[in-house]
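Participant:
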Amino acid sequence: LEELELATSDFMAKVSVPDFRKGWEEVGNANEVLEKFALQFKKQEDAVAAVIDFLGMQPCDGTGHIKPGEGGKKPHMLHLSGVFVGGMNVLARAQVAASGDAAGVLLKIAVRSDDPDVSRMVADCIR
Numbered sequence: 017l018e019e020l021e022l023a024t025s026d027f028m029a030k031v032s033v034p035d036f037r038k039g040w041e042e043v044g045n046a047n048e049v050l051e052k053f054a055l056q057f058k059k060q061e062d063a064v065a066a067v068i069d070f071l072g073m074q075p076c077d078g079t080g081h082i083k084p085g086e087g088g089k090k091p092h093m094l095h096l097s098g099v100f101v102g103g104m105n106v107l108a109r110a111q112v113a114a115s116g117d118a119a120g121v122l123l124k125i126a127v128r129s130d131d132p133d134v135s136r137m138v139a140d141c142i143r
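Now the structure itself:
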C-alpha cells in the first residue's frame, strides 16, 4: 500500500461566482473566520499562488495574479470561491502583503460559509 495524504482542499471544488461582492454580502459574517499568518515566501506572487493552492478554491474577479510591477509595493486582495463537499458554498478574502522586513509575507484571511465548522476548516488549510 502507498501512503496517501488527504487535505481539506481535496474536498473543495473550484467554482466561480458571477459577482463575488454580492455573494460575500449575501453569506454574511455570522460564520466568518478571521485569521492572520506570517508566510515564509520571499515574493507576494509566490504567496498568492500558495494560498490558492492551500485552499483549493477558484480566484475571482482577476485577483489570482498580481499585476506586473506591483509585487511588494502594496497589499494584494485575493477573492476566492468554491463549493465544499456536500454543496456548501465557501468564499474567502485574503490580503497578501509584503512584511516590513525581508522575512516573508503577511496574510490576513476571512472565510465565510453557512457552516462555522466549514469556515474554520478552510481557514486552517493555511500552513
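In terms of the numbering used here, the sequence shown opens at residue 17 and continues consecutively.
Glycine included, every Cβ here is placed at the ideal spot set by N, Cα and C.
Bear in mind the structure is a predicted one, so any value in this text is a computation, not a measurement.
Just grab the DSSP bridge partners of E41 for me.
Facilitator: Note: E41 sits in no beta bridge, so no partner.
Participant: Can you list the alpha helix (DSSP H) stretches of 4 or more residues lying completely in the segment 33-101, in chain order?
Facilitator: Taking only runs of at least 4 residues, the alpha helix (DSSP H) segments lying wholly in the segment 33-101 are 36-43, 60-71.
Participant: Drop a sphere of 10 angstroms on the beta-carbon of V134, count the other beta-carbons inside from all chains shown, and report buried for 16 or more, exposed for fewer.
Facilitator: That one is buried.
Participant: Can you say whether G98 is buried or exposed, counting buried as having 16 or more other CB atoms within 10 angstroms of its CB?
Facilitator: Classification of G98: buried, given that the 10 Å Cβ count is 16 or more.
Participant: To the nearest angstrom, how far is it from the Cα of N45 to the Cα of A110?
Facilitator: Each residue's alpha carbon lies about 15 Å from the other.
Participant: Give me the residue from D62, A139, L107, G120 with the minimum Cα distance to H81.
Facilitator: Closest by alpha carbon: D62.
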